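Enquirer: The structure is given below, and queries will be raised subsequently.
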Amino acid sequence: MPELPEVETIRRDLAERITGKKIAGVSVRHAKTVRGAPAVFSRRLVGRSVRAIHRVGKLLIFIFDVPDYQLLVHLKMTGQLIYRGQTALVAGGHFLSGAVLELPGRHTRVVISFSDGAELFFNDMRLFGYMHLSDPETVDRVKKTYGIEPLTPDFTLERFQKIVRPRRTSIKAVLLRQNLIAGLGNIYADEACFRAGIRPDRPARGLTPEEIVRLHRACEHVIRLGIKHRGTTFNSFVDADGRSGGFLRLLRVYGRDGERCLGCKTALIKKIRTAGRGTHFCPVCQV
Numbered sequence: 005m006p007e008l009p010e011v012e013t014i015r016r017d018l019a020e021r022i023t024g025k026k027i028a029g030v031s032v033r034h035a036k037t038v039r040g041a042p043a044v045f046s047r048r049l050v051g052r053s054v055r056a057i058h059r060v061g062k063l064l065i066f067i068f069d070v071p072d073y074q075l076l077v078h079l080k081m082t083g084q085l086i087y088r089g090q091t092a093l094v095a096g097g098h099f100l101s102g103a104v105l106e107l108p109g110r111h112t113r114v115v116i117s118f119s120d121g122a123e124l125f126f127n128d129m130r131l132f133g134y135m136h137l138s139d140p141e142t143v144d145r146v147k148k149t150y151g152i153e154p155l156t157p158d159f160t161l162e163r164f165q166k167i168v169r170p171r172r173t174s175i176k177a178v179l180l181r182q183n184l185i186a187g188l189g190n191i192y193a194d195e196a197c198f199r200a201g202i203r204p205d206r207p208a209r210g211l212t213p214e215e216i217v218r219l220h221r222a223c224e225h226v227i228r229l230g231i232k233h234r235g236t237t238f239n240s241f242v243d244a245d246g247r248s249g250g251f252l253r254l255l256r257v258y259g260r261d262g263e264r265c266l267g268c269k270t271a272l273i274k275k276i277r278t279a280g281r282g283t284h285f286c287p288v289c290q291v
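Per our numbering, the sequence shown starts with residue 5, numbered consecutively.
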């Protein structure tokens with residue numbers, strides 16, 4: 005699943021190409037992707053111009069010139085946005101083999117056509133992602149369900165401490181809860197724990213004040229680094245220009261189970277199950 009750095013990369017790249025464009029047509033190819041009747045969804049979008057693309061956590065929010073509705077887009081596990089212009093074909097999200105060779109493809113769920121002939125395709129193999137039109141009041145309520153986000157003024161050490169200290173669950177489970185901390189996912193949670201020297205399966209309330217300080221800094225560090233390098237790529241994420249995320253080469257533990265630790269250079273990275281997710285750590289560097 006694309007995490008905060010990947011979704012922010014998509015937001016920036018698509019905003020450069022879509023802002024100011026007018027929607028000329030909408031084709032809903034799978035009703036589950038949109039909320040309500042597809043015909044109503046299409047009718048409400050046609051004629052609007054994209055004013056901006058915002059983001060909260062992993063959620064994209066398309067803002068239009070007419071303010072009565074906003075478009076919420078979540079890629080979930082396998083969602084992908086593909087923009088096809090007259091001279092450019094760019095994609096962001098989960099990579100689907102052959103997805104950009106034939107558009108629309110068998111996983112295309114929604115197609116948005118612009119007045120200049122450009123198109124935006126929403127592909128989703130597993131149908132977990134969505135495109136929902138909502139009024140501003142509903143969008144505000146959705147935003148409030150998200151927790152504090154790294155690299156924002158709200159992500160203070162004091163608030164982070166208040167989130168971590170009382171939790172009985174593992175620290176990784178805390179980091180993954182979007183209503184507590186928005187944008188972190190499996191990759192960046194593991195990487196933050198490694199950089200903080202903390203085992204991800206430790207109970208959150210057992211962390212010392214010094215460890216909480218280190219983890220707070222590590223969360224911001226890995227997110228900042230992820231955005232700088234345009235996200236992480238395995239066999240899934242490509243950014244909106246179709247480029248692979250450069251953060252992959254900076255990973256210290258995630259996806260490296262059985263390999264020698266890059267920190268202590270002695271132990272092998274272990275993989276366990278924590279918070280329902282595959283979890284990577286060094287048994288020497290993390291305690």
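Ideal Cβ positions, reconstructed from N, Cα and C, are used throughout, including at glycine.
The structure presented is a predicted model; accordingly, all values stated were derived computationally and were not measured.
Could you tell me which of 30, 38 and 59 sits nearest to residue 51, measuring between CA atoms?
Expert: Closest option to residue 51, judged by alpha-carbon separation, among 30, 38 and 59: 30.
Enquirer: Within its chain, find whatever has a CB closer than 8 angstroms to the CB of residue 90; leave out the 5 residues flanking it on each side and keep chain order.
Expert: In chain order, 120, 121 and 122 place their CB closer than 8 angstroms to the CB of residue 90, counting only its own chain and leaving out the 5 sequence neighbours on each side.
Enquirer: Considering residue 28, what are the terminal residues of the alpha helix (DSSP H) in which it resides?
Expert: It is not in any alpha helix (DSSP H) - residue 28 instead sits in the beta strand (DSSP E) that spans 27-32.
Enquirer: Taking contact to mean 3 or more Cβ pairs, one atom from each stretch, closer than 8 angstroms, check whether the segment 128-143 and the segment 176-185 are in contact.
Expert: no
Enquirer: Do you know offhand how far residue 242's Cα is from residue 254's?
Expert: With a pLDDT of 47 at residue 242, under the threshold of 50, the modelled position of that residue is not reliable, and the figure given next carries that caveat. In a straight line, the C-alpha of residue 242 is about 16 angstroms away from that of residue 254.
Enquirer: Just the Cα atoms here: how many angstroms apart are residue 192 and residue 226?
Expert: Going from the Cα of residue 192 to the Cα of residue 226 covers about 6 angstroms.
Enquirer: On the premise that residue 213 lies in contact with residue 174, defined as a C-beta separation below 8 angstroms, what is that separation, rounded to the nearest angstrom?
Expert: That pair is no contact at about 19 angstroms.
Enquirer: So, at 7 angstroms on beta carbons, what are the nonlocal neighbours of residue 171 in its own chain, with the 5 sequence-adjacent residues on each side left out?
Expert: 178, 208 and 209
Enquirer: For residue 9, count the other beta carbons within 10 Å of its own beta carbon; 16 or more makes it buried, fewer makes it exposed. Which is it?
Expert: buried
Enquirer: Could you compute how far the alpha carbon of residue 221 sits from the alpha carbon of residue 199?
Expert: 9 angstroms
Enquirer: Straight-line CA distance for residue 127 to residue 37?
Expert: 10 angstroms
Enquirer: Buried or exposed: residue 268, going by 16 or more other Cβ atoms within 10 Å of its Cβ?
Expert: exposed
Enquirer: To the nearest angstrom, report how far apart residue 20 and residue 124 are at their CA atoms.
Expert: 13 angstroms
Enquirer: Check residue 165 in the structure and name its three-state DSSP category.
Expert: Here residue 165 sits in helix by DSSP.
Enquirer: Where do the ends of the alpha helix (DSSP H) carrying residue 190 lie?
Expert: 190-200
Enquirer: What does the Cβ neighbour count give for residue 156, buried or exposed, with the cut at 16 atoms within 10 Å?
Expert: exposed
Enquirer: Buried or exposed: residue 276, going by 16 or more other Cβ atoms within 10 Å of its Cβ?
Expert: exposed
Enquirer: For residue 131 and residue 34, which I take to be in contact (beta-carbon distance under 8 angstroms), what is that distance rounded to the nearest angstrom?
Expert: So it is a contact: roughly 7 angstroms between Cβ atoms.
Enquirer: With residue 126 as the anchor, note down where its beta strand (DSSP E) starts and where it stops.
Expert: Its beta strand (DSSP E) spans residues 123-128.
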